[in-house]
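Number of protein chains: 2
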Amino acid sequence: MKELLGSPGTWSGLMLRLGQCAFAGASIGVMVSALGFANYTAFCYLIASMGLQGLWSFGLACLDAYALKLKKDLHNPILVSLFVVGDWVTAILSFAAACSSGGVVVLFERDVHFCKLPWFSCGKYELSTALAFIAWSLIATSSLVMFWLLAAL
Amino acid sequence: MKELLGSPGTWSGLMLRLGQCAFAGASIGVMVSALGFANYTAFCYLIASMGLQGLWSFGLACLDAYALKLKKDLHNPILVSLFVVGDWVTAILSFAAACSSGGVVVLFERDVHFCKLPWFSCGKYELSTALAFIAWSLIATSSLVMFWLLAAL
Numbered sequence: 001m002k003e004l005l006g007s008p009g010t011w012s013g014l015m016l017r018l019g020q021c022a023f024a025g026a027s028i029g030v031m032v033s034a035l036g037f038a039n040y041t042a043f044c045y046l047i048a049s050m051g052l053q054g055l056w057s058f059g060l061a062c063l064d065a066y067a068l069k070l071k072k073d074l075h076n077p078i079l080v081s082l083f084v085v086g087d088w089v090t091a092i093l094s095f096a097a098a099c100s101s102g103g104v105v106v107l108f109e110r111d112v113h114f115c116k117l118p119w120f121s122c123g124k125y126e127l128s129t130a131l132a133f134i135a136w137s138l139i140a141t142s143s144l145v146m147f148w149l150l151a152a153l
Numbered sequence: 001m002k003e004l005l006g007s008p009g010t011w012s013g014l015m016l017r018l019g020q021c022a023f024a025g026a027s028i029g030v031m032v033s034a035l036g037f038a039n040y041t042a043f044c045y046l047i048a049s050m051g052l053q054g055l056w057s058f059g060l061a062c063l064d065a066y067a068l069k070l071k072k073d074l075h076n077p078i079l080v081s082l083f084v085v086g087d088w089v090t091a092i093l094s095f096a097a098a099c100s101s102g103g104v105v106v107l108f109e110r111d112v113h114f115c116k117l118p119w120f121s122c123g124k125y126e127l128s129t130a131l132a133f134i135a136w137s138l139i140a141t142s143s144l145v146m147f148w149l150l151a152a153l
């Protein structure tokens with residue numbers, strides 16, 4: 001059971017969680033540094049959702065590190081069920097946030113051509129959305145691994 | 001096995017598929033009837049994605065009707081795997097389309113106040129996005145049922 005890549009209480013699981021934290025944090029950082037992001041609901045929602053994901057992933061990363069240090073086994077049904085629910089909820093929220101920001105960025109870029117305005121920080125909005133999609137892909141991997149573990153328990 | 005609500009080749013499955021078709025079709029219809037939707041990439045993507053989902057759901061509805069008429073059993077691993085892949089792909093695309101349209105609609109409504117302009121068909125954009133979310137929730141139900149069936153096979 002321990003061999004499944006990304007399962008809780010393993011080095012790969014810890015790396016996956018730290019990656020989620022890092023990309024979620026980077027997405028927030030880039031968005032916050034963009035001028036005027038607070039005028040757009042989708043970008044505020046992106047920050048909220050990435051914040052939630054960062055906290056959740058950080059919590060699980062700490063748990064993984066603790067389990068690795070004390071050589072504890074985290075594969076019990078109650079814990080894994082909890083991880084599955086949390087991972088799926090944060091994954092769906094992150095995906096919704098990334099997609100809605102993506103919709104708004106595409107609108108700015110292709111439809112209303114705001115990105116040609118020199119003071120409009122389009123590049124940062126795009127980068128932040130791309131980072132959010134990467135964070136989502138990592139949390140989606142975790143969700144699938146957790147679901148698989150729950151099915152196998 | 002046959003008792004699982006919404007599984008392929010049952011009346012509940014057929015109803016679920018027809019519901020997906022109906023809501024996807026309604027979403028497309030409302031969006032097409034809105035003035036100037038083609039200026040916005042997110043709304044064009046919504047139509048494409050709902051079109052794909054409508055076709056997929058219609059195909060499976062026909063298969064369900066055929067199985068019901070001839071009393072065939074559709075629970076074989078290859079067919080169910082195919083349904084799982086198709087359902088998950090269309091579900092993810094539909095959710096992405098609905099969320100990006102939602103992001104753009106919220107931008108119009110709350111951030112730039114375009115909805116106050118009398119010639120702007122904001123209500124139709126909103127209705128179409130809401131119908132897309134309903135269609136997505138039905139396809140998500142199907143996806144989960146299919147995944148469950150595959151795990152149980």
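Top to bottom, those sequences are chains V and Y.
Each residue of the first sequence is one higher than the one before, counting from 1 in UniProt numbering.
Each residue of the second sequence is one higher than the one before, counting from 1 in UniProt numbering.
Even glycine gets a Cβ: it sits at the ideal position worked out from N, Cα and C.
task = With DSSP collapsed to three states, give me the class of Y:Asn39.
result = helix
key: For Y:Thr129 and Y:Gly29, the rounded distance between their alpha carbons   = 11 angstroms
query = Would you call the CB atoms of V:Ser143 and V:Asp64 closer than 8 angstroms?
reply = no
Beta-carbon proximity check, V:Ser121 vs V:Ala34, cutoff 8 angstroms = yes
ask   = Could you give the distance in angstroms between the alpha-carbon of V:His113 and the alpha-carbon of V:Tyr125?
value = 14 angstroms
task = Could you tell me how far apart the beta carbons of V:Leu131 and V:Ala42 are, in whole angstroms, since I believe they sit closer than 8 angstroms?
result = Rounded, the Cβ-Cβ distance is 15 angstroms, inconsistent with contact.
query = Alpha carbon to alpha carbon, what distance is there between V:Trp148 and Y:Cys115?
reply = 45 angstroms
key: chain V contact residues for Y:Ser100, given Cβ-Cβ distances below 7 angstroms   = Cys99, Ser100, Gly102, Gly103
query = Among V:Tyr66, V:Gly103, V:Trp136, which one has its Cα closest to the Cα of V:Ser49?
reply = V:Trp136
message = Measuring CB atoms only, is the stretch 60-79 of chain V touching the stretch 9-22 of chain V, in the sense that at least three cross pairs come out at less than 8 angstroms?
response = yes
message = Taking 8 angstroms as the limit between beta carbons, can you name the residues of its chain near Y:Leu127, skipping five residues before and five after?
response = Val30
query = Nearest to Y:Leu55 by CA position, among Y:Ala22, Y:Val80, Y:Lys72, is which residue?
reply = Y:Ala22
inquiry  = Looking at Y:Val80: is its Cβ nearer than 8 angstroms to the Cβ of Y:Met146?
reply    = yes
Spatial distance of V:Gly103 from Y:Gly102 (CA atoms) = 8 angstroms
ask   = Where does V:Phe133 fall in DSSP's three states?
value = helix
request  = Using a Cβ-Cβ cut-off of less than 9 angstroms, list which residues of the stretch 52-80 of chain Y approach chain V; keep chain order.
outcome  = none
request  = Please confirm if V:Val32 has its CB atom under 8 angstroms from at least one CB of chain Y.
outcome  = no
key: Straight-line gap, Y:Ala140 to Y:Asp111 (C-alpha atoms, nearest Å)   = 30 angstroms
ask   = Using the beta-carbon of each residue, which ones in chain Y are nearer than 7 angstroms to V:Ala42?
value = Gly103, Val106, Leu107
inquiry  = Helix, strand or coil for Y:Thr10? Go by DSSP, reduced to three states.
reply    = coil
key: chain V contact for Y:Asp111 (CB, 8 angstroms cutoff)   = yes
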